[in-house]
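**Student:** These protein sequence lines are chains A and B, in that order. Going by the numbering used here, the residue at position 150 of the first sequence is 328; the numbering climbs one at a time, nothing skipped. Going by the numbering used here, the residue at position 72 of the second sequence is 250; the numbering climbs one at a time, nothing skipped. Yeah, the Cβ is synthetic: ideal placement off N, Cα and C, and Gly gets one too. Being a predicted model, the structure only gives us computed values, none of them experimental.
2 protein chains.
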Amino acid sequence: MMQTAALSYFESHERDFVSQLIEFVKIPSVSTDPLRKDDVLHAAQHLAQKLTSIGIENVQVFPTARHPIVYGEHMHAGAEQPTILIYGHYDVQPEDPVELWNTPAFEPTIKDNKLIARGASDMKGQIFASIAAVESIMKTAPFPVNIKFILEGEEEIGSINFKKFLEDHKSLLKSDIALNPDAGMIDKDTPTIVYGLRGLSYFEIRVYGPERDLHSGTYGGVIHNPAQVLCDLISKMHDENGRITLPGFYDRVKPLSDKERRELARHHQNEEYYCEQTGVSKLWGEKGYTPVELTGARPTLEVNGFLSGFTGEGSKTIIPSKAMAKISTRLVPDQKPEEVRDQLEAFLKANAPSTVRWELDLISHGSPSISDINLPETKALVKALKEVWGVEPIYKREGGSISVVADMQEVLGIDSVLTGFGLPDDRIHSPNEKLDLPTWHKGVQSLIHFFYNAKRD
Amino acid sequence: MMQTAALSYFESHERDFVSQLIEFVKIPSVSTDPLRKDDVLHAAQHLAQKLTSIGIENVQVFPTARHPIVYGEHMHAGAEQPTILIYGHYDVQPEDPVELWNTPAFEPTIKDNKLIARGASDMKGQIFASIAAVESIMKTAPFPVNIKFILEGEEEIGSINFKKFLEDHKSLLKSDIALNPDAGMIDKDTPTIVYGLRGLSYFEIRVYGPERDLHSGTYGGVIHNPAQVLCDLISKMHDENGRITLPGFYDRVKPLSDKERRELARHHQNEEYYCEQTGVSKLWGEKGYTPVELTGARPTLEVNGFLSGFTGEGSKTIIPSKAMAKISTRLVPDQKPEEVRDQLEAFLKANAPSTVRWELDLISHGSPSISDINLPETKALVKALKEVWGVEPIYKREGGSISVVADMQEVLGIDSVLTGFGLPDDRIHSPNEKLDLPTWHKGVQSLIHFFYNAKRD
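1. Against chain A, with Cβ distances strictly below 8 Å, would Trp279/B count as a contact?
2. Quick one: is Asn482/B buried, meaning 16 or more other Cβ sit within 10 Å of its Cβ, or exposed?
3. Flag His347/A as yes if its beta-carbon sits less than 8 Å from any beta-carbon of chain B, otherwise no.
4. Is Arg193/A helix, strand or coil by DSSP?
5. In the structure shown, what three-state DSSP assignment does Gly487/A receive?
6. Are any of the Cβ atoms in chain B nearer than 8 Å to that of Phe488/A?
7. Let me check understanding here. Comparing Cα to Cα, which of Thr210/A, Ala501/A, Glu576/A and Ile497/A lies closest to Gly336/A?
8. Write down every uninterrupted run of the beta strand (DSSP E) in the region 590-617 of chain A whose length is 3 residues or greater and which is fully enclosed by it, in chain order.
9. Using a Cβ cut-off of 8 Å, which residues of the region 423-443 of chain A contact any Cβ in chain B, in chain order?
10. When the Cα of Ser506/A is compared with those of Lys341/A, Asn631/A and Ser542/A, which residue comes out closest?
11. Which residues, in order along the region 398-411 of chain A, keep a beta-carbon less than 7 Å from a beta-carbon of chain B?
12. Tell me the DSSP secondary structure of Tyr630/B in three-state form.
13. Counting pairs of beta carbons, one from the region 301-317 of chain A and one from the region 188-200 of chain B, are three or more of them closer than 8 Å?
14. Who are the neighbours of Asp417/B on chain A, taking C-beta pairs under 7 Å?
15. Pairing CB atoms from the region 325-342 of chain B with CB atoms from the region 533-550 of chain B, are three or more of them under 8 Å?
16. Can you give me the Cβ contacts of Pro616/A inside the same chain, cut-off strictly under 7 Å, excluding the 5 residues immediately before and after it?
17. Who are the neighbours of Leu472/A on chain B, taking C-beta pairs under 8 Å?
18. How about Ala503/A and Ile383/A: do their beta carbons lie closer than 8 Å?
19. Kindly indicate which residue of Pro322/B, His267/B and Val323/B has the alpha-carbon position closest to the one of Gly175/B.
20. Please name the residue, chosen from Ile551/B, Phe195/B, Ala183/B and Ile200/B, that lies closest to Lys612/B on a Cα-to-Cα basis.
21. What first and last residue would you give for the alpha helix (DSSP H) that runs through Glu565/B?
22. In the DSSP assignment, the beta strand (DSSP E) including Asn324/B goes from what residue to what residue?
23. What does Ile338/A reach in chain B if we use C-beta pairs closer than 7 Å?
24. Tell whether a beta-carbon distance below 8 Å holds between Gly577/B and Thr495/A.
25. For Thr556/B and Ile305/B, I'd like the C-alpha separation in whole angstroms.
26. Please determine whether the Cβ atom of Ala530/A lies at a distance below 7 Å from any heavy atom of the ligand NAP.
27. Using a Cβ-Cβ cutoff of less than 8 Å, which residues in the same chain neighbour His607/B once the five nearest sequence positions on both sides are dropped?
28. Determine the contact status of Gly426/A and Pro515/A, defining contact as a CB-CB distance below 8 Å.
29. Can you round the beta-carbon distance between His402/A and Pro531/A to whole angstroms, since I take them to be within the 8 Å contact cut?
30. Tell me whether Lys500/B is buried or exposed, calling it buried when 16 or more other Cβ atoms sit within 10 Å of its Cβ.
31. Beta carbons nearer than 9 Å to chain B: which residues of the region 495-506 of chain A have them?
32. Give a yes or no on whether 8 Å exceeds the smallest Cβ distance from His267/B to chain A.
33. Out of Leu625/A, Leu424/A and Lys460/A, point me to the one whose CA is closest to Leu650/A's CA.
34. Suppose the cutoff is 6 Å on Cβ atoms and the five residues either side in sequence are ignored; what does the same chain contact list for Gly466/B look like?
35. Under the rule that 16 or more other beta-carbon atoms within 10 Å means buried, what is Leu213/A, buried or exposed?
36. To which residues does DSSP link Thr287/A through a beta bridge?
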């Protein structure tokens, strides 16, 4: 096997790769935080240096309206070989609530073969799995296919400048398929191919009442409390069957076919599984669907945050002057994120009382997507995962949102093959995020196999 | 007139009194903030020194379980004269939101004859009005009645140790009536006597969902969002007529008599007035009552604060692990604050879904009260206010809560005569709290008259 040398190279250099990953996750590249703009840039430059150092060519850090995109290529396999565009995002979620971390979020710690740090799993570890696989091949043989890297710094804030970048660099990015390792596994023994992703639209709603916080004794009884109004509005966003009540919200939702429901029924994630993963005693959701259908193939609306009035220790007897909620919806084909904004606005117009003023902002959005599972590169990945794990991978519709998949379909005309080596209990977006290093090790091995399997005869 | 000398003394020393008030409001005696415990103590000691310096005797700073109570007396008018217990609280509300203050909350500023600072109106200014009146009399003549001071540091956190202090010091505090200048005026031309006060019960509700914040893509669809649950619960706490739905909440509420409704109808605070005072365009409240009835004589339930999940700039796609709300009710005779706790608990038991866990804390509480308006000292105050303002005072049921009035009725067997020289636009409990100095000046004058009027022939 051609790949034996690369696999050996990886084995003997794994400690170095993990050390490099540790240096990388130390950079607090929190894209949503304006105070960390320089850290995000630092992470981009760090990656560009790494790619250059292993022999990737034409490495560039492209500025965008907010955070840069790192590009690089290695195009020496010949025109008859496919070009694979390796996607990644080097930005991470905020670390708050800070006080719930057992070790500081940006001081990586290894414990029980797990690397604990913000971004370890989502997705700096996945980027380094790709880089480790690419380096291991490049150091030991001519690369079997053509590759390009596109690494962005805005995924956690909705990839806001990614689509425009694709539009502006269509020929530079021309490829046959994208490899996107930002999807996880359903458990550590079951390699997973994701073929469907939910879209996202993320909003902030602000309700304004009196011009200042009021004494609740002096004024309580005649003032419509904006926190109460916002609670009323949020409460009305679901009906008694757990369905979302925004007007027209379900109009474009594709019903699940019987065939797809049968395939999704193969997944073992039942109520018990989700309860164990999350610590809840009972699930809740739209009536008439299984947990796997609900998290992968049905749209949702969530309160991500709510703030109003006095929230410190003790008591303060006020009617708050305003209330704010962060509300996001996860979308499924063929819902359109921009239309959901109109639906939410129509809902607020119909339901907000005239006693208050309100404002609605669409903060970020991305489209849902479905990928073709019969492409040759998808089959190459299936084979690679089988070679390493010894079992058939499972096909999954993922509940998360990777809007870049829809963007690449639309602008570059290419599908994505989605995988990844994160696990359900990695606590991504939560305190104490971790990466399981033995699983990561298998991930790098399977990516080495993948690049060889993708070579056309 | 005997009081002429005292009035002249006050006129010629007013600048000094205002300077002393300014020094006093500089002390950030925020009773709810554990970090300011020493500042609260400092304010108590500052008051004790002031009382001692003007000749008040037996001045003591009594420790309680949290913040001290300052006592002092001047008992030289003879047994045939009434003993008046002068009440005040030297603690203040927190200054947040700090960023909305035009000048720092604890750096007093005088602008357009208004003293701007936290506590200027509620109620350090009112305490100093009493002290200025007492000092002006003491410096110029034998005091016409017997007086005692009781100044506490926990009013803004529900006077939690006050009742026990009364019980432990019944004979020390023995008096005929309490003077409580913690009630305001309905406008600057209309001196006001408050005969009814609402009670309070203040709660924190915490709803717990998953054991950590979850990725809303991975888990959205099967997890009952605790922020949504808390919104549902809060939304259900009022019905479509603005009535509170806690079981049994209205059972003990005394209906307003036709006579009392006629008296309250004399007040000019209509919808327009409240809109102008608060900046809202339209009022809201329980159907079937006027604004004056709603704010003074009907119970309410308010959301004072709500916190859940991510509330910073930008977006974070999580299902929060918990949600918290501060909820308070204002109570009217004969509602009992402890019973409201049971009612809220019963409401939560009946309405909270089994998908979440919840906790309920009663943070503070105080009883509603009604005082007799035909007492001789009330008549002495009515006469004093007429002498200074030249108009008949108005009788009011106040929306705020002064639980000490009910406590003194219950433990000491004395009614309170309630007045005060704060104005509706003083922004108490809000940023940029102020005290109108010309009104305060009239307040001191009328308290000088009051002590002379209260002297029995």
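**Tutor:** Concretely, from the data shown:
1. no
2. buried
3. no
4. helix
5. Judged by DSSP in its simplified three-state form, Gly487/A adopts strand.
6. yes
7. Thr210/A
8. Qualifying beta strand (DSSP E) stretches, in chain order: 594-596 and 612-614.
9. none
10. Ser542/A
11. Gly398, Gly399, Val400, Ile401, His402, Asn403, Ala405, Gln406, Cys409 and Asp410
12. helix
13. No, the region 301-317 of chain A does not touch the region 188-200 of chain B.
14. Result: empty, since nearest Cβ-Cβ is about 12 Å, beyond 7 Å.
15. yes
16. Asn291
17. Gly399 and Val400
18. yes
19. What is shown of chain B runs 179 to 635, which leaves residue 175/B out entirely.
20. Ile200/B
21. Per DSSP, Glu565/B belongs to the alpha helix (DSSP H) from Pro554 to Trp567.
22. Asn324 to Glu330
23. Against chain B, a Cβ distance below 7 Å from Ile338/A picks out nothing, because the smallest value is about 10 Å.
24. no
25. Straight across, the Cα-Cα distance linking Thr556/B with Ile305/B is about 19 Å.
26. With respect to the ligand NAP, the structure shown offers nothing to examine, as it has no ligands at all.
27. Gln271 and Asp300
28. no
29. 6 Å
30. buried
31. Contact annotation: in the region 495-506 of chain A, residues whose CB is within less than 9 Å of a CB in chain B are Thr495, Ile496, Ile497, Pro498, Ser499, Ala501, Met502, Ala503, Lys504 and Ser506.
32. no
33. In this structure chain A extends from 179 to 635, so residue 650/A is not present and cannot be described.
34. Cβ neighbours of Gly466/B beyond the five flanking positions: none.
35. exposed
36. Ile294/A
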